[in-house]
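Everything in the sequence shown is counted per the numbering used here, starting at 3 for the first residue and increasing by one.
Glycine included, every Cβ here is placed at the ideal spot set by N, Cα and C.
Working notes, beginning with the structure itself.
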Amino acid sequence: MTAAATLVAEARRHGFPVIYTAIAYTPAEAGGDSVAWLRKAPGMRALREGSDAVALDPRLERRDGDHLVMKKGASAFHGTALAGLLSGLDVDTVLVFGATTSGCVRATAVDAVQSGFDTLVVREACGDRAQGPHDAALFDLQAKYADVVELGEALAYLAETSDRRTVTQSALADLGDVPATSRWVTSGPVRLHVLDYGPADGVPVLVLPGITSPAVTMDFVARRLTDLVRPLVLDVRGRGLSDDAPGYDLASYAADVDAVVDGLGLRDPILLGHSMGARIAARASATGRRSLRGTVLVDPPLSGPGRGPYPTTLDAFLGQLDQARRGTDADEVARSWPRWPRRELELRARWLSSCSRDAITATHAGFESEDFFDDWPKVPAPAFFLYGGASPVVTAAGAAEALERNPSAEFVEVPDAGHMVFWDRPEEGLSALREALGKLLSSSGGPRADAACPRDSA
């Protein structure tokens with residue numbers, strides 16, 4: 003039981019679905035002769051629905067998000083909807099364990115393979131009435147049906163597989179509704195994906211999203227700027243359709259900015275970053291390796307060595323990632339982000355699983371180890387600092403320090419917006435952004451922006 007409980011806990015920690023099975027009979031089935039198995043094994047008639055005999059062992063700590071499949075025979079697949087449930091959860095591999103090895107475990111593993119699932123049977127988490135049937139069943143399973151693995155191997159498999167990024171068919175279909183062209187750039191060994199909204203002769207604005215925001219999740223921002231500039235939204239390394247990478251520090255992220263600017267031939271672009279993207283934009287601007295028309299930072303994390311921690315914990319981010327990989331929807335996402343428009347909740351539900359766990363973990367650590375204020379005083383004018391009036395990331399004290407450290411920048415507070423400025427207050431946030439971009443264009447001789455923020459007609 004200890005091995006089984008360990009596997010269940012590890013599966014939950016990595017966001018994998020947990021499915022329990024139990025045998026239970028109605029009073030008519032248990033008391034009659036309609037079930038052939040009960041005629042062969044009459045002792046199982048005690049497994050009546052609702053009785054303590056069919057209850058799960060409390061040491062397994064079944065939770066609300068776990069599934070329970072009730073069955074009448076040895077196999078968890080026979081006569082149940084288990085295969086459909088697994089397919090609906092986008093499962094391609096199952097770990098089977100429990101009791102008894104020569105009965106329910108063996109029958110379930112055989113049917114799992116025959117249903118098209120790769121199957122692992124965990125040796126230490128299985129048990130039988132005697133050692134002989136246990137060993138014989140595992141021998142036969144390994145020979146013909148499944149991979150019989152040790153507990154340590156199973157735990158390692160869960161850890162390795164947990165960082166497998168996924169983009170579902172429904173997520174890819176979102177790109178069909180996005181009025182942008184996919185472009186690709188190489189930054190060292192990393193292939194980067196960019197959504198280019200055009201027009202080709204517009205002033206380029208390279209948009210750098212946040213820690214768990216693939217490019218498509220900023221579609222609603224980019225659409226509202228195309229009459230003014232040429233938005234290009236980057237899938238930051240480790241997110242969306244861009245590759246995983248060996249490093250997720252600010253220097254690596256800034257090198258990707260250089261690669262996109264050079265690779266797409268962007269002349270004197272504006273850098274626009276939100277949250278993590280704002281820190282990247284600050285680093286890229288501060289290094290002075292490229293000619294920029296200006297920089298717009300939106301609610302950058304001000305955390306760093308010796309400062310307060312980033313207000314959203316790593317566990318919270320990874321918990322949301324686990325939800326997405328398990329299979330989530332807009333209603334569940336809304337529990338974390340209740341103010342967001344419905345479409346943005348749906349996009350996050352479909353696209354968050356494309357983010358790398360390593361990328362999130364390393365970037366979150368960087369929020370504590372890399373100081374924003376090492377770069378911010380070096381960001382040249384013209385620069386704009388937009389922040390949410392109710393943001394826990396840029397507090398009033400943080401905004402005051404940022405103004406003191408770079409007084410040439412223009413500061414704009416978006417009232418009542420939290421850290422997710424454009425998601426929390428779309429009209430107010432986009433109006434403030436358009437005004438900032440308009441000033442940048444005006445100062446460089448580009449087209450002027452009107453004060454209104456037109457509604458998206460798409």
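Coil, strand or helix - residue i by DSSP
i: residue 390; result: strand
i: residue 34; result: coil
i: residue 433; result: helix
i: residue 128; result: strand
i: residue 136; result: helix
i: residue 264; result: helix
i: residue 100; result: strand
i: residue 413; result: strand
i: residue 198; result: strand
i: residue 183; result: strand
i: residue 22; result: strand
i: residue 236; result: strand
i: residue 93; result: coil
i: residue 419; result: coil
i: residue 213; result: coil
i: residue 317; result: helix
i: residue 366; result: helix
i: residue 11; result: helix
i: residue 273; result: strand
i: residue 4; result: helix
i: residue 448; result: At residue 448, the pLDDT of 46 sits below 50, so the modelled position is not reliable and the matter cannot be decided from this model.
i: residue 146; result: helix
Same chain only: Cβ atoms within 8 Å of residue i, ignoring 5 sequence neighbours per side
i: residue 202; result: 232
i: residue 219; result: 211, 346, 349, 350 and 353
i: residue 334; result: 325 and 351
i: residue 450; result: Caution is warranted here: a pLDDT of 34 is assigned to residue 450, below 50, making its placement in the model unreliable, and the coordinate value is therefore given only provisionally. Excluding positions up to five away in sequence, the list reads 440, 443 and 444.
i: residue 33; result: 47
i: residue 200; result: 182, 183, 228 and 232
i: residue 142; result: 108
i: residue 140; result: 103, 123, 125, 128 and 150
Cβ-based neighbour list, residue i, same chain, cut-off 7 Å, excluding 5 preceding and 5 following
i: residue 221; result: 180
i: residue 452; result: Because residue 452 sits at a pLDDT of 36, beneath the cut-off of 50, its placement in the model cannot be relied upon, and the following sentence gives the value as read from the coordinates. Around residue 452: no qualifying Cβ.
i: residue 459; result: Confidence in residue 459 is poor, its pLDDT being 32 and thus under 50, which makes the residue's placement too unreliable to answer from.
i: residue 185; result: 196, 198 and 266
i: residue 313; result: 394 and 395
Inter-residue spacing [alpha-carbon to alpha-carbon] between residue i and residue j
i: residue 327; j: residue 395; result: 27 Å
i: residue 408; j: residue 388; result: 14 Å
i: residue 454; j: residue 355; result: Any reading at residue 454 needs caution, since the residue's pLDDT is 38, under 50, leaving its predicted position unreliable; the model's value is listed next. When rounded, the distance between both Cα atoms is 35 Å.
i: residue 406; j: residue 344; result: 38 Å
i: residue 176; j: residue 144; result: 42 Å
i: residue 15; j: residue 324; result: 8 Å
i: residue 448; j: residue 229; result: Note that residue 448 has pLDDT 46, beneath the 50 cutoff, so the model's placement of it is unreliable and no number is given.
i: residue 38; j: residue 104; result: 19 Å
i: residue 17; j: residue 207; result: 36 Å
i: residue 278; j: residue 439; result: 20 Å
i: residue 225; j: residue 435; result: 13 Å
i: residue 11; j: residue 292; result: 49 Å
i: residue 91; j: residue 329; result: 6 Å
i: residue 30; j: residue 130; result: 29 Å
i: residue 9; j: residue 153; result: 8 Å
i: residue 75; j: residue 336; result: 40 Å
i: residue 378; j: residue 431; result: 22 Å
i: residue 462; j: residue 399; result: A query on residue 462 cannot be resolved here, the shown segment of the chain reaching from 3 to 460 and no further.
i: residue 370; j: residue 94; result: 37 Å
i: residue 13; j: residue 429; result: 41 Å
i: residue 539; j: residue 82; result: What is shown of the chain runs 3 to 460, which leaves residue 539 out entirely.
Nonlocal neighbours in the same chain, by C-beta distance under 6 Å from residue i, ignoring five residues either side
i: residue 341; result: 426
i: residue 259; result: 286
i: residue 372; result: 252
i: residue 78; result: 23, 71, 84 and 110
i: residue 216; result: 237, 241, 242, 353 and 356
i: residue 420; result: 390, 392, 393 and 426
i: residue 456; result: Because residue 456 sits at a pLDDT of 39, beneath the cut-off of 50, its placement in the model cannot be relied upon, and the point is left open.
i: residue 402; result: none
Test: residue i CB closer than 8 Å to a CB of chain B
i: residue 174; result: The question asks about chain B, but that chain is absent: this structure has only one protein chain.
Beta carbon of residue i nearer than 8 Å to that of residue j
i: residue 156; j: residue 97; result: yes
i: residue 68; j: residue 124; result: no
i: residue 386; j: residue 411; result: yes
i: residue 61; j: residue 7; result: yes
i: residue 239; j: residue 247; result: yes
i: residue 256; j: residue 189; result: no
i: residue 404; j: residue 294; result: no
i: residue 245; j: residue 187; result: no
Checklist entry - Okay, do the stretch 193-201 and the stretch 259-269 touch, 3+ Cβ pairs below 8 Å being the bar? => result Yes: the two stretches touch, three or more of their Cβ pairs being nearer than 8 Å.
Next on the checklist: So, does the stretch 93-111 touch the stretch 145-163, judging by three or more C-beta pairs under 8 Å?
Outcome noted: Yes, the stretch 93-111 touches the stretch 145-163.
Next on the checklist: With three or more C-beta pairs closer than 8 Å as the rule, is the stretch 346-365 touching the stretch 310-326?
Outcome noted: Because the criterion of three Cβ pairs below 8 Å is met, the stretch 310-326 and the stretch 346-365 touch.
Checklist entry - Counting Cβ pairs, one atom from each stretch, are 3 or more of them under 8 Å apart for the stretch 271-281 and the stretch 292-301? => result Enough Cβ pairs lie closer than 8 Å, so yes.
Checklist entry - Contact between the stretch 48-60 and the stretch 20-28: three or more CB pairs below 8 Å? => result As far as the Cβ criterion goes, the stretch 48-60 touches the stretch 20-28, which means the pair count is three or higher.
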